[in-house]
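Undergrad: Structure in structure tokens, see below.
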Amino acid sequence: MRVTAVNDAPIASRGAYVLYWMIAARRARWSFALDHAIARARELDCPLLVFEPLRAGYRWASDRMHAFVLQGMADNAKAFASAGITYLPYVEPEPGAGRGLLAALAERARLVVTDEQPGFFLPHMVAAAGKALPVRLEQVDGNGLLPLRATERAYPTAAAFRRVMQRELPKVLALPAADPLARVPRAIKDAELRGRELRAWPRASDALLAAAPAALAALPIDHTVPVAPLVGGMHAARATLDDFLAHKLARYGEGRNHPDDDAASGLSPWLHFGHISAHEIAAGVWASAGWDPSRLATAKVTGAREGWWGLPAPHEAFLDELVTWRELGYGFCFHRDDYDQYASLPDWAKATLAEHAHDPRPERYTPAQLARAETGDPVWNAAQRQLLAEGRMHNYLRMLWGKKILEWSPSPQRALATLIELNNKYAIDGRDPNSYSGIFWTLGRFDRPWAPVRPIFGSIRYMSSAATVKKLHMKQYLTRWSDPPRQGTFAL
Numbered sequence: 000m001r002v003t004a005v006n007d008a009p010i011a012s013r014g015a016y017v018l019y020w021m022i023a024a025r026r027a028r029w030s031f032a033l034d035h036a037i038a039r040a041r042e043l044d045c046p047l048l049v050f051e052p053l054r055a056g057y058r059w060a061s062d063r064m065h066a067f068v069l070q071g072m073a074d075n076a077k078a079f080a081s082a083g084i085t086y087l088p089y090v091e092p093e094p095g096a097g098r099g100l101l102a103a104l105a106e107r108a109r110l111v112v113t114d115e116q117p118g119f120f121l122p123h124m125v126a127a128a129g130k131a132l133p134v135r136l137e138q139v140d141g142n143g144l145l146p147l148r149a150t151e152r153a154y155p156t157a158a159a160f161r162r163v164m165q166r167e168l169p170k171v172l173a174l175p176a177a178d179p180l181a182r183v184p185r186a187i188k189d190a191e192l193r194g195r196e197l198r199a200w201p202r203a204s205d206a207l208l209a210a211a212p213a214a215l216a217a218l219p220i221d222h223t224v225p226v227a228p229l230v231g232g233m234h235a236a237r238a239t240l241d242d243f244l245a246h247k248l249a250r251y252g253e254g255r256n257h258p259d260d261d262a263a264s265g266l267s268p269w270l271h272f273g274h275i276s277a278h279e280i281a282a283g284v285w286a287s288a289g290w291d292p293s294r295l296a297t298a299k300v301t302g303a304r305e306g307w308w309g310l311p312a313p314h315e316a317f318l319d320e321l322v323t324w325r326e327l328g329y330g331f332c333f334h335r336d337d338y339d340q341y342a343s344l345p346d347w348a349k350a351t352l353a354e355h356a357h358d359p360r361p362e363r364y365t366p367a368q369l370a371r372a373e374t375g376d377p378v379w380n381a382a383q384r385q386l387l388a389e390g391r392m393h394n395y396l397r398m399l400w401g402k403k404i405l406e407w408s409p410s411p412q413r414a415l416a417t418l419i420e421l422n423n424k425y426a427i428d429g430r431d432p433n434s435y436s437g438i439f440w441t442l443g444r445f446d447r448p449w450a451p452v453r454p455i456f457g458s459i460r461y462m463s464s465a466a467t468v469k470k471l472h473m474k475q476y477l478t479r480w481s482d483p484p485r486q487g488t489f490a491l
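Residues 0 to 491 (numbering that gives the first Met the number 0) are what the sequence shown spells out, left to right.
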């Protein structure tokens, strides 16, 4: 269910290695794809070559996104070197420069293994590779606790998906190896890679892997979005998880909504780029409560948000976000090609938004004004400034942020375009299926009609900055983000 063939090509009878084309699960631990690649190498009695590329021409490529990925590649380089596995990190010096490298590496591969991720350009890229490669290409789904193919359709609400998840997860729950590099096939020596490959597509330099400013400046990417203070990679991801388990999880239930309480996990940037898996996170949560997942074998399907796992309330609340809400979004993206289109909104949401599309707006801001946090709303400005400076935004305020953009835009379609642009350009976890869930939730996806009917919103759930300030602990947050960021240039 997790491993599927992308093409009908056979496994080559001869070859120098099994090639793992690492494109989404960018880590050397807790990875079903790496487990499968290692198992295939053992089965075929040949070495493993790990190839991790970073394109230059993808939309929203910037210093911020590149640095985060490169920091993860540096972690991977050390991990694979320690295990004796040849690792080829490749960074395009210009768009299209890497064209032909995968095919060249596949020429001497018994088969190719890659990651399955349902969002952004990755499905199209993998499908194109499957058609072009003369050797078998297998993709591995390591996205969530529930495999993508465990469900047959996209679900309209979390409640509907939760019941299916509770029914299916005990049947298929499995964890990847925490340390798959502990036992690996023999290494490939550099000399076994063809000289022309290394000359035409050289390994990323140490300066690039360190995300050095000069190395980033030489790349044809957006330099107006500066590197964020968050560090990418497996080690930073694990440190963030350990801090959450030790100091925040017990306060997560209520505290996650309050910016000043600092109880959210903050793991979404590393989840998005595959530097940590949902399985490692879940295992950490279970271990912190001394809980054994085998207990799910006798769990009854209730559809309730809490109680099904049999864990303390904060743990239940966090797992509902990690498993139910996150995998609801991944499933929607997997089953719906239009997941990022306005037409994918539920019919009731499109109808009520259309009815109120011409309602007068209290304010109208251009996308450039919004990007620079130049509105008359100090709460919204604070959230946008955090996004500009840190590449992330507090979870609760992200919802308000989206609702206000709807309120200030000339149409709901323009609001959606602005939401996608701002989120995907500045948020490290932008472009993720779960990130699209948050964007579209502000317009009614995964929600229901709400009364009373309001101008602009119709029956879409309404949120206001005034009510948010009254409801949340956020004085420190507002003080911190009351001034514009002092570094970087931000332009839409």
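Glycine included, each C-beta is placed from N, C-alpha and C at the ideal position.
1. Give me the Cβ distance between A76 and L208, rounded to the nearest whole Å; I'm assuming they're in contact under 8 Å.
2. Could you check the C-alpha separation between W29 and V134 for me, to the nearest Å?
3. Please state whether the Cβ-Cβ distance between R107 and H274 is less than 7 Å.
4. Select from P219, I455 and L387 the residue whose C-alpha is nearest the C-alpha of R363.
5. Which value, in whole angstroms, describes the spacing of the CA atoms of A450 and K170?
6. Thinking C-beta only, is A348 closer than 7 Å to G443?
7. Could you tell me the distance, in whole angstroms, from the CA atom of W440 to the CA atom of A8?
8. So, do the stretch 55 to 62 and the stretch 146 to 153 have three or more beta carbon pairs nearer to each other than 8 Å?
9. Apart from the five residues on each side of it in sequence, which residues of its chain come closer than 8 Å, Cβ to Cβ, to I397?
10. Cα separation between V112 and D428?
11. Between L295 and the rest of its own chain, which residues show a CB-CB distance below 7 Å, the 5 nearest in sequence each way excluded?
12. How about A32 and G99: are their beta carbons less than 7 Å apart?
13. Residue range of the beta strand (DSSP E) that D506 falls in?
14. Do V49 and Y19 count as a contact pair if the criterion is CB distance below 7 Å?
15. To the nearest angstrom, how far is it from the Cα of E4 to the Cα of F272?
16. For F67, which option in N394, A416 and H234 has the closest C-alpha, if you only look at C-alpha atoms?
17. Mind checking which residues open and close the beta strand (DSSP E) that includes V90?
18. Decide if H123 is buried, meaning its Cβ has at least 16 other Cβ atoms within 10 Å, or exposed.
19. Verify whether the separation of the beta carbon atoms of L266 and W290 is less than 7 Å.
20. Ignoring anything shorter than 4 residues or poking outside the stretch 137 to 180, list the alpha helix (DSSP H) runs there in chain order.
21. Can you round the beta-carbon distance between G283 and L321 to whole angstroms, since I take them to be within the 8 Å contact cut?
22. Hey, would you say Y251 sits closer than 7 Å to P313, going by beta carbons?
23. In this structure, how does DSSP classify R363 when only helix, strand and coil are distinguished?
24. What does a CB cutoff of less than 6 Å around A78 pick up in its chain, not counting 5 residues either side in sequence?
25. For V183 versus A82, is the C-beta distance shorter than 7 Å?
26. Applying the 10 Å Cβ sphere with the 16-neighbour rule, what's the burial state of S12?
27. Is the beta carbon of E93 less than 7 Å from the beta carbon of A40?
28. Which runs of the alpha helix (DSSP H) spanning at least 4 residues fall entirely within the stretch 339 to 389, listed in chain order?
29. Run through DSSP, which three-state label would V39 get?
30. Would you tell me roughly how many angstroms separate the C-alpha atoms of P117 and L327, rounded to the nearest one?
31. If you count every other CB in all the chains shown that lies within 10 Å of the CB of G299, and 16 or more means buried, which is it?
32. Go ahead and label A494 buried or exposed: buried means 16 or more other beta carbons lie within 10 angstroms of its beta carbon, across all protein chains shown.
33. Beta-carbon within less than 8 Å of K247's beta-carbon, same chain only, minus the 5 sequence neighbours each way: which residues are those?
34. For R148 versus C45, is the C-beta spacing smaller than 7 Å?
35. For K474, count neighbouring C-beta atoms within 10 Å of its own C-beta (all shown protein chains included) and say buried if the count is 16 or more, exposed if not.
TA: Judging by the given coordinates:
1. Stepping through the sequence shown from its first residue, residue 76 is reached at position 77. Stepping through the sequence shown from its first residue, residue 208 is reached at position 209. With a Cβ gap of about 6 Å, A76 and L208 count as contacting.
2. Mapped onto the sequence shown, residue 29 falls at position 30. Mapped onto the sequence shown, residue 134 falls at position 135. Each residue's Cα considered, the two are about 26 Å apart.
3. Mapped onto the sequence shown, residue 107 falls at position 108. Mapped onto the sequence shown, residue 274 falls at position 275. For R107 and H274, no; Cβs fall outside 7 Å.
4. Here the question's residue 363 lines up with position 364 in the sequence shown. Among P219, I455 and L387, the Cα nearest to that of R363 belongs to I455.
5. Position 451 of the sequence shown, counting from 1, holds the residue named residue 450. Position 171 of the sequence shown, counting from 1, holds the residue named residue 170. Each residue's Cα considered, the two are about 40 Å apart.
6. One-based indexing of the sequence shown puts residue 443 at position 444. One-based indexing of the sequence shown puts residue 348 at position 349. Contact: yes.
7. In the sequence shown, the residue the question calls residue 440 occupies position 441. In the sequence shown, the residue the question calls residue 8 occupies position 9. Going from the Cα of W440 to the Cα of A8 covers about 41 Å.
8. no
9. Within the sequence shown, numbered from 1, the residue matching residue 397 stands at position 398. Looking at the sequence shown, residue 397 is not Ile but Arg. The residues are A382 and G437.
10. Mapped onto the sequence shown, residue 112 falls at position 113. Mapped onto the sequence shown, residue 428 falls at position 429. Rounded to the nearest angstrom, the two C-alpha atoms are 25 Å apart.
11. By 1-based counting over the sequence shown, the position of residue 295 is 296. The residues are L168, P169 and L172.
12. Residue 32 sits at position 33 when you count from the first residue of the sequence shown. Residue 99 sits at position 100 when you count from the first residue of the sequence shown. Their beta carbons are not under 7 Å apart, which means A32 does not touch G99 by this criterion.
13. The structure shown has nothing for residue 506, since the chain only spans 0 to 491.
14. Reading the sequence shown from its first residue, position 20 is the one you call residue 19. Reading the sequence shown from its first residue, position 50 is the one you call residue 49. Yes, they are a contact pair.
15. Translated into positions along the sequence shown, residue 4 becomes position 5. Translated into positions along the sequence shown, residue 272 becomes position 273. Sequence inspection shows Ala at residue 4; the Glu mentioned does not correspond to that position. Taking the straight line joining both Cα atoms gives about 23 Å.
16. Taking the first residue of the sequence shown as 1, we reach residue 67 at position 68. Of N394, A416 and H234, the residue nearest in Cα terms is H234.
17. Within the sequence shown, numbered from 1, the residue matching residue 90 stands at position 91. T85 to V90 is the span of the beta strand (DSSP E), which, as asked, contains V90.
18. What you label residue 123 is simply residue 124 of the sequence shown in a count that begins at 1. With fewer than 16 other Cβ atoms within 10 Å, it is exposed.
19. Residue numbering aside, residue 266 sits at position 267 when the sequence shown is read from its first letter. Residue numbering aside, residue 290 sits at position 291 when the sequence shown is read from its first letter. It is not a contact, given that the beta carbons lie outside the stated cut-off.
20. 157 to 171
21. Here residue 283 refers to the residue found at position 284 of the sequence shown. Here residue 321 refers to the residue found at position 322 of the sequence shown. Not quite, the Cβ-Cβ distance comes to about 11 Å (not below 8 Å), so this is no contact.
22. Numbered from its first residue, the sequence shown carries residue 251 at position 252. Numbered from its first residue, the sequence shown carries residue 313 at position 314. For Y251 and P313, yes; Cβs fall inside 7 Å.
23. Here residue 363 refers to the residue found at position 364 of the sequence shown. It is coil, neither helix nor strand.
24. Taking the first residue of the sequence shown as position 1, residue 78 is located at position 79. So the list reads A27, once near-sequence residues are dropped.
25. Looking up residue 183 in the sequence shown gives position 184. Looking up residue 82 in the sequence shown gives position 83. Contact flag set, yes.
26. Here residue 12 corresponds to residue number 13 of the sequence shown, with the count starting at 1. Result: exposed.
27. Looking up residue 93 in the sequence shown gives position 94. Looking up residue 40 in the sequence shown gives position 41. No, Cβ-Cβ distance for E93 and A40 is not below 7 Å.
28. 346 to 354, 366 to 370 and 377 to 389
29. For the purposes of this step, residue 39 is taken as residue 40 along the sequence shown, with counting starting at 1. Note that residue 39 corresponds to Arg in the displayed sequence, not to Val. Note: R39 maps to helix in three-state DSSP.
30. Taking the first residue of the sequence shown as position 1, residue 117 is located at position 118. Taking the first residue of the sequence shown as position 1, residue 327 is located at position 328. Looking at the two C-alpha atoms, the distance is approximately 12 Å.
31. Counted from its first residue, the sequence shown places residue 299 at position 300. Inspection of the sequence shows that residue 299 is occupied by Lys rather than by Gly. Exposed, since its Cβ has fewer than 16 Cβ neighbours within 10 Å.
32. With the chain running from 0 to 491 in the structure shown, residue 494 is simply not present.
33. In the sequence shown, residue 247 corresponds to position 248, counting from 1. Correct list, in chain order: G254, D261, A262, A263 and S264.
34. The residue given as residue 148 occupies position 149 in the sequence shown. The residue given as residue 45 occupies position 46 in the sequence shown. Against a cut-off of 7 Å, the Cβ pair of C45 and R148 comes out as no contact.
35. Locating residue 474 in the sequence shown gives position 475, counting from the first residue. Per the 10 Å Cβ criterion, exposed.
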